[in-house]
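Under our numbering, think of the first position of the sequence shown as 175, with each following residue one higher.
Each residue gets a CB set at the ideal place from its N, CA and C atoms; glycine is no exception.
The next block holds one structure in the form of C-alpha cells; read it before the comments.
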Amino acid sequence: MSSSSSTPSANDRARIAELLGRTPQGRFEVVVRTIDGDPVVLRNEPLLDDGTPMPTR
Numbered sequence: 175m176s177s178s179s180s181t182p183s184a185n186d187r188a189r190i191a192e193l194l195g196r197t198p199q200g201r202f203e204v205v206v207r208t209i210d211g212d213p214v215v216l217r218n219e220p221l222l223d224d225g226t227p228m229p230t231r
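So, in C-alpha cells, the structure goes:
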C-alpha cells in the first residue's frame, strides 16, 4: 500500500462512488492506495461545499 496524498482523478471518483454506493459529498483526497492504485483511505474536508459540516455516516 502507498500512503501519499493525492487529488482524486476522474477514475478515482468513479471507483469511490462504486465503493460507497453513492457519489462522494464534498472535497476529499486519497491518502492510501493499494499496490495497484485502488483508493483505500480518504481524507475528507470538514465542511461540504455549501458550508455544512461533513456528515459522519
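- Task: Identify the continuous beta strand (DSSP E) that holds Arg217 and give its terminal residues.
- Result: It spans Pro213 to Asn218 - the beta strand (DSSP E) in which Arg217 sits, taken as one unbroken run.
- Task: Give the single residue among Asp210, Gln199, Val205 and Pro182 whose Cα lies nearest to the Cα of Asp224.
- Result: Ranked by Cα distance from Asp224, the options Asp210, Gln199, Val205 and Pro182 are led by Gln199.
- Query: Out of curiosity, what's the CA-to-CA distance linking Arg196 and Ile209?
  - Reply: Answer to the nearest angstrom: the Cα atoms are 24 Å apart.
- Rounded straight-line distance, which links the Cα of Leu221 to that of Pro227: Between the alpha carbons of Pro227 and Leu221 lies a gap of roughly 4 Å.
- Start-to-end residues for the beta strand (DSSP E) that takes in Arg201: No beta strand (DSSP E) contains Arg201, which DSSP labels as neither H nor E.
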